[in-house]
Amino acid sequence: MTPSELPISRTRAQVFDDLVLDAVERLERVWARELAYVEFMVEDVPEVPPGVTAEDGIPFSRLERAGTGQARIIVYRRPVEIRTTDPDEMALLVYDTVVEEVANLLGLEPETVDPEA
């Protein structure tokens, strides 16, 4: 038995949540003011509208804007997990996904949000 505080006992969902949190914290170092009213969330899978098939593409994330200047960025765990083969690749895809949605929110190119992405 492994104590619950050791990394080996973390679920895939908890590990994924940490990847999203790490990505957000990294971006907040530069974009704290712009991200102050943005809520970041993780959901397992996106709701797919009727008539949309896997061939149409399953999104990694979604940006929702509220009329009050607030926004929500949702990252979908399962589509990212399915498209990656190792933890480093997953971390990179999560980060790139968050950068892309922040860029969409701010009306910028992803390279402007993070030139290294």
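Just so we're aligned, residue 1269 is where the sequence shown starts under our numbering, counting upward by one. For each residue, glycine too, the CB sits at the ideal point set by N, CA and C.
*Spatial distance of P1383 from V1367 (CA atoms)*: 10 Å
*Check the DSSP bridge columns for V1310 and list the partner residues they point to.*
V1343
*asked:* Could you pull the DSSP bridge partners for S1329 from this structure?
replied: V1343
_Segment limits, alpha helix (DSSP H) that includes Y1363_ = 1355 to 1374
*In its own chain, which residues sit with a C-beta less than 7 Å from the C-beta of R1330, not counting the 5 before and 5 after it?*
P1314, I1342
*Contact between the segment 1292 to 1307 and the segment 1347 to 1362: three or more CB pairs below 8 Å?*
Proximity of the segment 1292 to 1307 to the segment 1347 to 1362 falls short of the contact definition, fewer than three beta-carbon pairs being nearer than 8 Å.
_I need the straight-line Cα distance from D1356 to G1319, nearest angstrom please._
Cα-Cα distance, rounded: 34 Å.
_Opening and closing residue of the alpha helix (DSSP H) in which R1294 lies_ = 1280 to 1303
*In angstroms with no decimal places, state the Cα-to-Cα distance between S1277 and T1380.*
37 Å
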